[in-house]
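Number of protein chains: 2
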Amino acid sequence: MTDVVETKQDKIARRQVDKFQARRTQLATDALNTLAELGYARTSLRDIAQNSEFSLGVMHYYFADKRDLITQAVRQYEAVCVTRYDEVVARATSAEQLRDEFVEMFFDTLAEDAPLHRLWYDLRNQSLFDESFRADVLEIDGHREAMVGRVVSRYASLRGGELTGTPAVAYTLLDGIFHRALLHHLTGMTEAVARLRLELSKVMDYLVAGPQ
Amino acid sequence: MTDVVETKQDKIARRQVDKFQARRTQLATDALNTLAELGYARTSLRDIAQNSEFSLGVMHYYFADKRDLITQAVRQYEAVCVTRYDEVVARATSAEQLRDEFVEMFFDTLAEDAPLHRLWYDLRNQSLFDESFRADVLEIDGHREAMVGRVVSRYASLRGGELTGTPAVAYTLLDGIFHRALLHHLTGMTEAVARLRLELSKVMDYLVAGPQ
DNA sequence: AGAAAATCTTGACGTTCGTCCCAACTCGGT
DNA sequence: ACCGAGTTGGGACGAACGTCAAGATTTTCT
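Going down the list, the sequences are from chains A and B.
Residue numbers for the first sequence, in the UniProt record's numbering: 1 to 212.
Residue numbers for the second sequence, in the UniProt record's numbering: 1 to 212.
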């Protein structure tokens with residue numbers, strides 16, 4: 001008897017928790033868009049509330065404080081970006097195909113999700129000053145590194161060669177290119193972006209040692 | 001007669017202007033240190049005033065507004081950092097010496113001026129959101145690129161080879177390494193920093209094509 | 001249908017921000 | 001010695017911030 005009752009209550013409780021979590025993620029996603037538009041330094045809770053369909057008070061109903069909200073938003077950025085190239089890796093049958101499709105998607109997302117990417121770099125930079133962001137940033141950074149690692153190791157495998165450096169180095173180089181291309185893209189320096197696009201292929205070949 | 005009088009007044013005026021400019025640069029330097037400590041998002045004019053030997057009101061006597069102050073501070077960052085490797089280039093007599101001394105100074109300044117460097121990246125990122133920072137950021141970025149260009153082209157020359165890519169690519173790669181090393185340094189991941197140090201030399205060799 | 005719990009709105013609180021003003025002070029020129 | 005321009009300190013202003021509480025509204029369960 002009590003078992004049945006508790007099970008019912010548990011179901012109710014679980015459904016409410018799920019609903020609660022669903023709204024949390026929805027609000028965090030809205031916040032992500034607002035943050036991407038305004039940047040961390042200029043985004044207030046009122047900005048986020050106004051860009052959502054709820055009022056300011058709701059923010060504190062679903063989030064303990066501003067840090068809680070932003071932390072949640074950052075974590076959802078991860079889900080968006082961290083598996084982006086996996087299908088490219090999965091369907092590639094030749095080194096050239098993998099390289100070309102990777103480069104294409106690399107610069108496609110650069111242009112299409114530019115505001116979101118600049119937010120990532122913004123928050124990564126905040127972690128240089130605010131230690132409470134560092135754990136999440138390092139975790140996401142690790143996943144990005146792993147994602148790049150999957151691409152380049154698969155590329156090396158298709159080329160029948162080996163990686164010249166660690167995945168960490170590969171990530172550093174590719175992310176450096178991405179970061180700079182983003183700056184130039186947002187500034188409208190399209191020719192500079194195009195130049196980096198050409199160089200990306202060359203850098204990938206640098207990362208692989210073996211038969212050319 | 002009037003000429004003499006005007007000349008006197010001119011001298012006085014010029015001296016006052018010089019004094020005015022001197023105090024501006026002094027205050028901007030103080031601001032630079034405070035910004036490096038707290039980051040752009042968290043630094044208020046009161047923070048800056050408190051870290052200087054003057055009061056808040058003085059800030060608005062010497063600077064039109066907060067943007068004027070920060071812009072001035074950013075410009076002074078340039079002077080600090082943009083000629084850092086020139087003496088290394090000047091005194092190098094062999095490729096190995098240039099490479100080793102460059103790498104050493106690279107990671108020395110990383111550790112020694114870490115707060116200042118994270119501020120640079122912070123402000124560069126602000127320019128992704130605030131267009132009014134972009135001109136200064138791009139100018140400084142260009143000078144940094146030119147500085148790296150001087151190093152690697154001299155390195156290529158000493159090696160008797162040619163650069164494989166443009167200075168822009170060289171800068172992208174080296175700055176990507178620096179940026180990531182800074183994150184790891186501030187997080188206390190010394191082994192990751194050491195790994196990047198080893199990789200920097202290899203990357204420099206990648207940048208040069210010719211006799212090994 | 002009615003009660004209870006949840007969700008949401010509204011408005012206010014104390015604080016901190018950039019900005020500004022005015023009085024006090026300093027110092028070189030007459 | 002005195003005067004006036006230049007310089008500095010301290011306080012005050014309105015706006016915007018994060019946070020919170022109390023009531024209205026909606027949803028959910030019996």
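Backbone N, C-alpha and C define an ideal beta-carbon position, used for all residues, glycine too.
I'd like to know whether the C-beta of Val169 (chain A) is nearer than 7 Å to at least one C-beta of chain B. yes
Expected contact under 8 Å - CB spacing of Tyr77 (chain A) and Met147 (chain A) to nearest Å
Not a contact, Cβ separation roughly 13 Å.
Inset, instruction - Just tell me which of A:Ala170, A:Leu198, A:Glu53 has its CA closest to the CA of Glu199 (chain B). - result: A:Ala170
Check: Is the CB-CB distance between Val137 (chain A) and Arg124 (chain A) below 7 Å?
Finding: yes
| said: Would Val208 (chain B) and Gly161 (chain B) be called neighbours here (beta carbons separated by less than 7 Å)? | reply: yes
Report task. Determine the chain A residues that contact Glu199 (chain B) at a beta-carbon separation under 7 Å, and present them in chain order. Result -> Gly165, Val169
task = Could you spell out where the alpha helix (DSSP H) holding Glu139 (chain B) opens and where it closes?
result = 134-159
Query raised in the report: Using a Cβ-Cβ cut-off of 7 Å (strictly less than) and excluding sequence neighbours within five positions of Ala114 (chain B), which residues of its own chain qualify?
Result: Leu182, His185, Leu186, listed in sequence order.
Report task. Could you work out which residues of chain B lie near Ala41 (chain A), taking near to mean beta carbons separated by less than 8 Å? Result -> Tyr40, Ala41, Gln126, Phe129
(Q) Excluding the 5 residues flanking Trp120 (chain B) on each side, which residues of the same chain have their C-beta closer than 7 Å to its C-beta? (A) Tyr77
- Query: How long is the line joining the alpha carbons of Ala28 (chain A) and Thr164 (chain B), rounded to whole angstroms?
  - Reply: Rounded to the nearest angstrom, the two C-alpha atoms are 45 Å apart.
Of the residues that make up the stretch 56-70 of chain B, which ones have a beta carbon closer than 8 Å to any beta carbon in chain A?
none
- Assigned secondary structure, Ala111 (chain A) (DSSP; H/G/I helix, E/B strand, else coil): helix
Could you tell me whether any Cβ in chain A is nearer than 7 Å to the Cβ of Ile48 (chain B)?
no
Neighbourhood of Arg134 (chain B) by C-beta, 6 Å cutoff - its chain only, sequence neighbours within 5 removed: Ser127
* Asked: Which same chain residues, not among the five before or five after Gln21 (chain A), have their C-beta less than 7 Å away from its C-beta?
  -> none
* Could you give the residue range of the alpha helix (DSSP H) that holds Glu53 (chain B)? -> Careful: Glu53 (chain B) lies outside any alpha helix (DSSP H) and carries neither H nor E.
task: Note down, in chain order, every chain B residue with its Cβ under 7 Å from the Cβ of Asp86 (chain A).
output: The premise fails here: Asp86 (chain A) is roughly 23 Å from chain B at the closest Cβ pair, so nothing lies under 7 Å.
In angstroms with no decimal places, state the Cα-to-Cα distance between Phe106 (chain B) and Gly142 (chain B). 18 Å
>> Can you confirm whether the stretch 60-79 of chain B touches the stretch 24-41 of chain B when touching is taken to mean that 3 or more C-beta pairs between the two stretches lie within less than 8 Å?
In response: Here the stretch 24-41 of chain B lies against the stretch 60-79 of chain B, with 3 or more beta-carbon pairs under 8 Å apart.
Original post:
In this structure, what does DSSP give as the bridge partners for Glu131 (chain A)?
Top reply: DSSP output for Glu131 (chain A) lists no bridge partner at all.
- request: Would you mind stating whether Ala41 (chain B) and Ala41 (chain A) have Cβ atoms separated by less than 7 Å?
  value: yes
Open item on the list: For a contact defined as C-beta to C-beta under 9 Å, what are the partners of Asp175 (chain A) on chain B?
Closed with: Gly176, His179, Arg180
Practice prompt. May I ask you to list the residues that DSSP assigns as paired with Glu162 (chain B)?
Written response: B:Ala209
Any idea what DSSP makes of Gly39 (chain A), helix, strand or coil? Three-state DSSP puts Gly39 (chain A) in coil, outside helix and strand.
When you compare the CB positions of Gly176 (chain A) and Thr109 (chain B), do they come within less than 7 Å of one another, or not?
no
Q) Sorted by chain position, which residues of the same chain lie with C-beta nearer than 6 Å to Ala36 (chain A)'s C-beta, five sequence neighbours on each side aside? A) So the list reads Pro115, Leu116, Leu119, once near-sequence residues are dropped.
**Prompt:** If you draw a straight line from the C-alpha of Glu145 (chain A) to the C-alpha of Asp18 (chain B), how long is it?
**Reply:** 51 Å
To the nearest whole angstrom, what separates the beta carbons of Met59 (chain A) and Ile70 (chain A), a pair I think is in contact under 8 Å? 11 Å between Cβ atoms; not a contact.
*Buried or exposed by the 16-neighbour rule on C-beta atoms within 10 Å, applied to Arg99 (chain B)*: Per the 10 Å Cβ criterion, buried.
- Item | DSSP-derived helix/strand/coil call for Phe106 (chain A) | helix
| field | Spatial neighbours of Lys66 (chain B) in its chain, beta-carbon cut-off 7 Å, leaving aside the 5 residues before and after | value | Leu45
Exercise for review: Could you spell out where the alpha helix (DSSP H) holding Gly176 (chain A) opens and where it closes?
Suggested key: 167-187
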